[in-house]
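Its first residue numbered 13, the sequence shown is counted upward by one per residue in the working numbering.
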Amino acid sequence: MSIDLRLPATPAPVAEEVRAGDAPSVLHLVADAVARHPEETALAGHGPAVTYRELWQRAGAIAVRLRGEGIGPGDVVGLAALRSTELVVALIGVLRSGAAFLPLDSGYPRARLEHMLDDARVGVVLGHAETAERFAEGRTVLLLGEEQAARPLTPAAESLLPPLPAAEDLAYVLYTSGTTGAPKGIAMPHGALANIVEWQTGVSEASVGSRTLQFSAISFDVSFQEIFASLAVGGTVVCVTEEERRDPLRLWEAAARERVDRMFLPYVALQALVLVAEPGAAGAPPLREVVTAGEQLQCSRALRALLGSLPGCRLVNQYGPSEAHVVTWHPVEGDPDGWPALPPIGLPVPGNRVYVLDADGEEVPPGGIGDIHVGGVQVAYGYWNRPDLTAERFLPEPGRPGRRMYRTGDVARRRKDGSLDYLGRADDQVKIRGFRLELPEVERVLGDLPGVSSCAVAVRGEDGIEKTLVAFVVLEPGLGTSALASLRTDLAELLPDYMVPGRFRAVTELPTMPNGKMDRPRLRAMAENAE
Numbered sequence: 013m014s015i016d017l018r019l020p021a022t023p024a025p026v027a028e029e030v031r032a033g034d035a036p037s038v039l040h041l042v043a044d045a046v047a048r049h050p051e052e053t054a055l056a057g058h059g060p061a062v063t064y065r066e067l068w069q070r071a072g073a074i075a076v077r078l079r080g081e082g083i084g085p086g087d088v089v090g091l092a093a094l095r096s097t098e099l100v101v102a103l104i105g106v107l108r109s110g111a112a113f114l115p116l117d118s119g120y121p122r123a124r125l126e127h128m129l130d131d132a133r134v135g136v137v138l139g140h141a142e143t144a145e146r147f148a149e150g151r152t153v154l155l156l157g158e159e160q161a162a163r164p165l166t167p168a169a170e171s172l173l174p175p176l177p178a179a180e181d182l183a184y185v186l187y188t189s190g191t192t193g194a195p196k197g198i199a200m201p202h203g204a205l206a207n208i209v210e211w212q213t214g215v216s217e218a219s220v221g222s223r224t225l226q227f228s229a230i231s232f233d234v235s236f237q238e239i240f241a242s243l244a245v246g247g248t249v250v251c252v253t254e255e256e257r258r259d260p261l262r263l264w265e266a267a268a269r270e271r272v273d274r275m276f277l278p279y280v281a282l283q284a285l286v287l288v289a290e291p292g293a294a295g296a297p298p299l300r301e302v303v304t305a306g307e308q309l310q311c312s313r314a315l316r317a318l319l320g321s322l323p324g325c326r327l328v329n330q331y332g333p334s335e336a337h338v339v340t341w342h343p344v345e346g347d348p349d350g351w352p353a354l355p356p357i358g359l360p361v362p363g364n365r366v367y368v369l370d371a372d373g374e375e376v377p378p379g380g381i382g383d384i385h386v387g388g389v390q391v392a393y394g395y396w397n398r399p400d401l402t403a404e405r406f407l408p409e410p411g412r413p414g415r416r417m418y419r420t421g422d423v424a425r426r427r428k429d430g431s432l433d434y435l436g437r438a439d440d441q442v443k444i445r446g447f448r449l450e451l452p453e454v455e456r457v458l459g460d461l462p463g464v465s466s467c468a469v470a471v472r473g474e475d476g477i478e479k480t481l482v483a484f485v486v487l488e489p490g491l492g493t494s495a496l497a498s499l500r501t502d503l504a505e506l507l508p509d510y511m512v513p514g515r516f517r518a519v520t521e522l523p524t525m526p527n528g529k530m531d532r533p534r535l536r537a538m539a540e541n542a543e
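Next up, the structure:
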């Protein structure tokens, strides 16, 4: 079933925009890498190792199977595969069929996944038996297996495949949490994904033979960056198990075993990793680049120590909503001991325009604070089947007839050099006793205190009611809850009293979402229930 994806207010053709490169889709980039490096290893780690030639052939076989089920351009295929090299093969197979993919994370509740499938009108689900067969009622389920044996497609089979996608064709539908509780599907065109991947390949040292960790859940758009920014340059995507992904020590050991030299990690996962890694110890992975996005980067003592012990390893901070992928970046440069505690999110990625607007919709001056809006080639088409919400969040872009910008709901400060400081969500802005404060600043100072492995701070109370801060702390091994009192005392010497949490609670771990980011809604609920 083909669906009109243009949603309200069709944007002008992507080709009219300035772009980071000229590839219409990531498949063009992968096809080029296959031609240049057919026998290089494309996929490794958990699952069968796969060369570029095998990747293209196996993905082609999957695409032919999908075409046999009537799938083609304009359709959406559910992708419910276990974390493995086969997942990447399946993803590329869906794209080669001309369809878009809908990631189905097995960590999500069944009701949420069923809503996503129904909302996107998915008729075919592709994946492993353990993850895909539960969606069989009313749908066709295609299982991954031995039929993926790498062999050239016959001319007859090749003739079933459509041309590689155009920039305006749909690449994926990605569901994120909605304010009403119902997830909303983001419809993203191929040109948007190709732009971020071409830019990433241009600013990264990754090349033929480089090994990038595939950490992010397939339901998190950074996973596409991990996969395609590696495949576009002839590198190797290193897949790990879900168990390794969730255990920082096992993840570090897997990265060392697989000789990983690049990682994309949200801050919470990055901080958990640096806490188990011993700076300067033998057997560390040969890291050259660590990219973090998804939440405020905090340059903790442990982070500085570890990256300072890895010769030539650079840290890059990226920012972007799922509705536009990564739109700004900032390489954190110089001696780690001199890194800022809260690095900026930086300057726009080519092809994107990033505005910081005040309440009247005017650009703020240097030093001003406002809401982040994003225009350019990476802006999504909108929300699937939600023209009302699309019209609310995707607004006309000033001075660019026919173009739209996305209102992110994030707040930033514009620096004199044009770069941005991230200040959090507009609906999460905090005032305590009349003073505006930034939770990342409290977390950063608390996290640097002796005895603190990791921490998070949430607000208890609503507007009109006395608010207080609640700190959740993962203490270092061997420390009991009695250590919390000294943390309060130490923090009071470093921060004004309105920034010192009124309650401290010891926890064994901080709540995270399947994508590895901090689960802020759950944290707020924990704060409300804290005694």
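Even glycine gets a Cβ: it sits at the ideal position worked out from N, Cα and C.
Values in this document were obtained by computation on a predicted structure and should not be read as measured data.
The alpha helix (DSSP H) enclosing residue i, as first and last residue numbers
i       : result
Val-134 : Careful: Val-134 lies outside any alpha helix (DSSP H) and carries neither H nor E.
Val-38  : 38 to 48
Asp-347 : Neither: Asp-347 is in no alpha helix (DSSP H) and is coded neither H nor E.
Leu-154 : Unbroken run through Leu-154 is the beta strand (DSSP E), 152 to 155; no alpha helix (DSSP H).
Gly-57  : Here Gly-57 belongs to no alpha helix (DSSP H); instead the beta strand (DSSP E) covers 53 to 57.
Glu-301 : Note, Glu-301: premise wrong, no alpha helix (DSSP H); beta strand (DSSP E) at 301 to 304.
Phe-236 : 234 to 243
Arg-65  : 64 to 80
Arg-517 : Element bounds for Arg-517: not the alpha helix (DSSP H) but the beta strand (DSSP E), 515 to 518.
Tyr-120 : Where Tyr-120 is concerned, there is no enclosing alpha helix (DSSP H), given that its DSSP letter is neither H nor E.
Gln-283 : 279 to 288
Arg-108 : 97 to 108
Ala-293 : Looking at the DSSP string, Ala-293 is not in any alpha helix (DSSP H), and its letter there is neither H nor E.
Extent of the continuous beta strand (DSSP E) to which residue i belongs
i       : result
Leu-341 : Before going on, a small fix: residue 341 reads as Trp here, not Leu. Per DSSP, Trp-341 belongs to the beta strand (DSSP E) from 340 to 344.
Asn-541 : Segment 532 to 541 is the alpha helix (DSSP H) holding Asn-541; no beta strand (DSSP E) there.
Val-249 : 248 to 251
Val-88  : 88 to 92
Gly-421 : 416 to 426
Tyr-331 : 326 to 331
Arg-271 : No beta strand (DSSP E) contains Arg-271, which DSSP labels as neither H nor E.
Arg-258 : No beta strand (DSSP E) contains Arg-258, which is instead part of the alpha helix (DSSP H) from 254 to 258.
Leu-319 : Segment 313 to 320 is the alpha helix (DSSP H) holding Leu-319; no beta strand (DSSP E) there.
Pro-408 : 406 to 408
Leu-114 : 112 to 115
Cβ-based burial, residue i [other Cβ within 10 Å; buried from 16]
i       : result
Gly-324 : exposed
Thr-213 : buried
Asn-207 : buried
Asn-541 : exposed
Arg-95  : buried
Arg-416 : buried
Thr-520 : exposed
Gly-246 : buried
Thr-493 : exposed
Val-328 : buried
Val-88  : buried
Gly-110 : buried
Gly-306 : buried
Ala-168 : exposed
Gly-414 : exposed
Gly-379 : exposed
Gly-459 : buried
Glu-170 : exposed
Arg-405 : buried
Ala-144 : buried
Phe-516 : buried
Cβ distance (whole Å) where residue i is taken to contact residue j below 8 Å
i       : j       : result
Val-220 : His-49  : 6 Å
Ala-289 : Asp-117 : Rounded, the Cβ-Cβ distance is 27 Å, inconsistent with contact.
Ala-112 : Tyr-184 : 5 Å
Val-548 : Ala-539 : Residue 548 lies beyond the stretch modelled for the chain, which goes from 13 to 543, so this question has no answer here.
Leu-173 : Val-38  : Leu-173 to Val-38, Cβ: 16 Å. No contact.
Ala-73  : Leu-165 : 7 Å
Leu-154 : Leu-138 : 5 Å
Ala-132 : Gly-105 : Between Gly-105 and Ala-132 the Cβ distance is about 18 Å, and since that is not below 8 Å, they are no contact.
Val-376 : Gln-237 : In fact, because the Cβ distance is near 29 Å, the residues do not count as touching under 8 Å.
Distance cut-off 7 Å: residue i Cβ against heavy atoms of the ligand GDP
i       : result
Val-153 : Although the ligand GDP was asked about, the structure shown includes no ligands whatsoever.
Checklist entry - Below 8 Å, can you find three or more Cβ-Cβ pairs linking the segment 220 to 234 to the segment 414 to 434? => result no
Item to check | the segment 382 to 397 contacting the segment 195 to 209, beta-carbon criterion three pairs below 8 Å | outcome: When Cβ pairs closer than 8 Å are counted between the two stretches, the segment 382 to 397 is seen to touch the segment 195 to 209, the count reaching three or more.
Item to check | Minimum length 3: unbroken beta strand (DSSP E) runs contained in the segment 428 to 494 | outcome: 432 to 437, 442 to 444, 447 to 449, 464 to 472 and 480 to 487
Item to check | Completely contained alpha helix (DSSP H) runs for the segment 360 to 387, where each covers 4 or more residues | outcome: You should have found no qualifying run.
Checklist entry - Curious, which full-length beta strand (DSSP E) runs of at least 3 residues does the segment 163 to 222 contain? => result 182 to 188 and 196 to 201
Item to check | Touching by the beta-carbon criterion (3+ pairs, under 8 Å), the segment 359 to 369 and the segment 304 to 319 | outcome: no
Checklist entry - Do the segment 139 to 148 and the segment 77 to 85 make contact, defined as three or more Cβ pairs closer than 8 Å? => result no
Checklist entry - At a cut of 8 Å, does the segment 350 to 359 reach the segment 428 to 436 through at least three beta carbon pairs? => result By the Cβ rule, the segment 350 to 359 counts as touching the segment 428 to 436, because three or more pairs are nearer than 8 Å.
Item to check | Segment contact flag, the segment 237 to 251 with the segment 41 to 61, C-beta cutoff 8 Å, min 3 pairs | outcome: Using a Cβ-Cβ distance cut-off of 8 Å, the segment 237 to 251 and the segment 41 to 61 are in contact, since at least three pairs of beta carbons, one from each stretch, lie closer than that value.
Checklist entry - Counting pairs of beta carbons, one from the segment 478 to 489 and one from the segment 330 to 346, are three or more of them closer than 8 Å? => result no
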